[in-house]
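Taking it in order: structure first as C-alpha cells, then the write-up.
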Amino acid sequence: MKLQKKSFLDLVLASSLMVFSSFSTAAESAAVAGARQALEDFLIDWNASDIEAIQEHLNFPHVTHNSSNIVVAQSRGEFIQDFELLSQQGWRRSTFDQFEVFQESENKVNFLVDFRRYDQNDAVMFNGKVFYVVTRQEGRWGMQYRSGGPPPSQF
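Printed below as a string of C-alpha cells:
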C-alpha cells in the first residue's frame, strides 16, 4: 500500500507540474506573439517610410546600434531615419524572413531576425540579421533595441 501511495503522490505532482508548465508556456507564447506583432507592425510603417507611425511601435529609451555608432532616442520625436537616403541607395522595401526567439519573459522578448532589403525592381539588394529586444511597457509591446548588419558570411 505504501508503494501505491507514493505512486499516487508522484502522479499528482507530475500532473501539477504539467498544469503549471502549460500556464507558463501559454504566457510565454502570448509574449512572443505580442512582441512579434510589434515588429511586424513596425515593418509595415517602415516600408511606408512613415516616421510618425514607426514611433508608435518603439519603446523608449530606444537604442539603435550599428557598425559605427550607438544612437539613443530618449523619447518620441528623437528617433530619426533618413528614408530619402535609403531611397537614393535603391531601397524600396524590406521583409522579415525568419524570427528566432533567443530569450523570452512576460515583459521582454529577444529575437534574431533574418531580413532582406529590396530595390525598385524587387531584386534583393541586401540580406542580413538584426537582433531586436522588444519590451512591454505600460501594457504595450514595442521595439526598444536593435542591432543589425550583414550575415557572418559577409564579414
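Everything in the sequence shown is counted per the working numbering, starting at -11 for the first residue and increasing by one.
Just so it is clear, CB atoms sit at the ideal spot from N, CA and C, and this is done for glycine as well.
#1: Please confirm whether Lys117 and Val97 have their CB atoms less than 8 Å apart.
#2: Which residue marks the beginning of the alpha helix (DSSP H) containing Ile58, and which one marks its end?
#3: Would you mind stating whether Asn35 and Ser75 have Cβ atoms separated by less than 8 Å?
#4: Measure the C-alpha to C-alpha separation of Ala26 and Asn109 and round it to an integer number of angstroms.
#5: Do Phe114 and Arg105 have their C-beta atoms within less than 8 Å of each other?
#6: So which of Val60, Phe84, Asp70, Ser56 has the shortest CA-CA distance to Leu46?
#7: What is the DSSP secondary structure of Phe114, reduced to helix, strand or coil?
#8: Using only the alpha-carbon positions, how far apart do Arg134 and Arg24 sit?
#9: Would you kindly report the start and end of the unbroken alpha helix (DSSP H) that includes Ser55?
#10: Please go through the same chain and pick out, in chain order, the residues whose beta-carbon is closer than 7 Å to the beta-carbon of Thr123, but skip the five residues on each side of it.
Per the coordinate set shown:
#1: No, the Cβ-Cβ distance between Lys117 and Val97 is not below 8 Å.
#2: Ile58 -> not in any alpha helix (DSSP H); beta strand (DSSP E) instead, spanning 58 to 61.
#3: No, they are not a contact pair.
#4: Using only the alpha carbons, I get a separation of about 28 Å.
#5: Yes, they are a contact pair.
#6: Nearest option by C-alpha distance: Val60.
#7: Assigned with DSSP and collapsed to three states, Phe114 falls in strand.
#8: In this structure, the straight-line span from the alpha carbon of Arg134 to that of Arg24 is close to 14 Å.
#9: Segment: none, Ser55 is in no alpha helix (DSSP H) and carries neither H nor E.
#10: Within the same chain, Thr123 has close Cβ partners Asn47, Asn95, Lys96, Gly130, Gln132.
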